[in-house]
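Q:
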Amino acid sequence: MAEKSFQKGKMVPVPSHSIIPERDLSEFPVLECSHLGIDFGGLQAVNEFNIVIGRTEIAGLIGPNGAGKTTVFNLLTKVYHPTRGTILLKGVDTAGKTTSQINRMGIARTFQNIRLFSNMSVEDNVKVGLHNQVCYSMPSGVLRLPSYWKKEKQAHERALELLSIFDMQDLANHQAASLPYGAQRRLEIVRALATGPSLLLLDEPAAGMNPSETAELMENIVKIRDTFHIAIMLIEHDMNLVMGICEGICVLNFGQIIAKGTAEEIQSNPTVIEAYLGKQQGGAQDA
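Below you can see the structure in the form of structure tokens.
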């Protein structure tokens, strides 16, 4: 199968010594991190993390195992509160916010280990994500007033619409736990989209997928960006996926950024190559 090529936007510099797609220059970046860091005891898990992501950018966060990538996602979503630095979401400081508040402000995520409500239906998993958009009063829900049924109808229609992104609408009544692994991955992405994010964080979305599923995922990530006009930041070890669709890529090692740039720049960066492969001495790779 011929490898599909995805069109990427031209990346241009911004005052913070970062790059974003040229098409996003007219708007505030969706995310700006300045001098972000967190310590666990005496260990600096993340330090001096600086990044800017444009409003419709597909960005990659890569690095060796244990580099601190998921810790960065936990900082952005306030699972952890930073020891230092600032996080601006569409220009608004997120300091002191809770995880649920961050979600309402516009950040949604998936996880390395799938976290679905396994005993609930596929549709009900998506409806959980719709809590920011479809709500009704307690009396309306308890008494099953007309306003309740109206909202339930809206939630049902919206859930099926979102599931159709991955052609999963026919699985709406299936139990989430009964889905194949790849479908569970896709359902988790749909549930995150249901919250109406401005920035979607995907933590190893291709984990466990075969090449065909990964190729389909790449197409769907681009489709999501173009359909919802949102930014997507992903952690991924599949370099074909990262280099194929990510416009700006940030490389993390031992909690610090060692390189930022386009796919072409990252692929030829000797510091990045060393971080992944080890320093070469006399033609032999260090153990």
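As numbered in this note's numbering, the sequence shown has no gaps in its residue numbers, which increase by one up to the final residue, 382.
All C-beta atoms in this analysis are idealised placements derived from N, C-alpha and C, irrespective of residue type, glycine included.
1. Please say whether L266 and A250 have beta carbons closer to each other than 9 Å?
2. Are R118 and I209 touching if we call contact CB-CB under 9 Å?
3. If distances are taken between C-alpha atoms only, which option among D219, T290 and I148 comes closest to P108?
4. Please name the residue, chosen from A190, H269, I368 and P177, that lies closest to G214 on a Cα-to-Cα basis.
5. The beta strand (DSSP E) that contains G180, what's its start and end?
6. I need the DSSP call for Q139, collapsed to helix, strand or coil.
7. Rounded to a whole number of angstroms, what is the C-alpha to C-alpha distance between G104 and G343?
8. Assuming T55 and D219 make a contact with CB atoms under 8 Å, what is their CB distance in whole Å?
9. Does the beta carbon of V109 come closer than 9 Å to any beta carbon on chain B?
10. In whole angstroms, give me the CA-to-CA distance for A310 and R286.
11. Whole angstroms are fine: how far does the CA of L211 sit from the CA of I361?
12. On the CB-based measure, 16 or more other CB atoms within 10 Å of its CB, does K246 come out buried or exposed?
13. According to the Cβ coordinates, are M304 and I157 closer than 9 Å?
14. For M200, report the span of its alpha helix (DSSP H) as first-last.
A: Reading it off the structure:
1. Indexing the sequence shown from 1 puts residue 250 at position 155. Indexing the sequence shown from 1 puts residue 266 at position 171. In terms of Cβ geometry, A250 and L266 do not form a close pair [threshold 9 Å].
2. Counting from one through the sequence shown, the residue named residue 118 turns up at place 23. Counting from one through the sequence shown, the residue named residue 209 turns up at place 114. Not a contact, by the Cβ cut-off of 9 Å.
3. On the sequence shown, residue 108 is found 13 positions in, with the first residue counted as 1. Cα-wise, what sits closest to P108 is I148.
4. Within the sequence shown, residue 214 is the residue found at index 119, counting from 1. It should be noted that the sequence gives Asn, not Gly, for residue 214. Of the listed residues, the one whose Cα sits closest to N214 is H269.
5. What you label residue 180 is simply residue 85 of the sequence shown in a count that begins at 1. For G180, the enclosing beta strand (DSSP E) covers residues R179 to L184.
6. One-based indexing of the sequence shown puts residue 139 at position 44. Of the three classes helix, strand and coil, the one that applies to Q139 here is strand, per DSSP.
7. The sequence position of residue 104 within the sequence shown is 9, counting from 1. The sequence position of residue 343 within the sequence shown is 248, counting from 1. C-alpha separation (whole angstroms): 10 Å.
8. Absent from the model: residue 55. The displayed extent of the chain is 96 to 382, so no value can be given.
9. Here there is only one protein chain, and chain B is not present.
10. Residue mapping note: residue 310 aligns to position 215 of the sequence shown, counting from 1. Residue mapping note: residue 286 aligns to position 191 of the sequence shown, counting from 1. Answer to the nearest angstrom: the Cα atoms are 21 Å apart.
11. Looking up residue 361 in the sequence shown gives position 266. Looking up residue 211 in the sequence shown gives position 116. Looking at the two C-alpha atoms, the distance is approximately 34 Å.
12. As a working mapping, residue 246 is identified with position 151 in the sequence shown. The residue in question, K246, is buried, as its Cβ has 16 or more Cβ neighbours within 10 Å.
13. Taking the sequence shown and counting its residues from 1, one reaches residue 304 at position 209. Taking the sequence shown and counting its residues from 1, one reaches residue 157 at position 62. It is not a contact, given that the beta carbons lie outside the stated cut-off.
14. Here the question's residue 200 lines up with position 105 in the sequence shown. Per DSSP, the continuous alpha helix (DSSP H) segment holding M200 begins and ends at T194 to M200.
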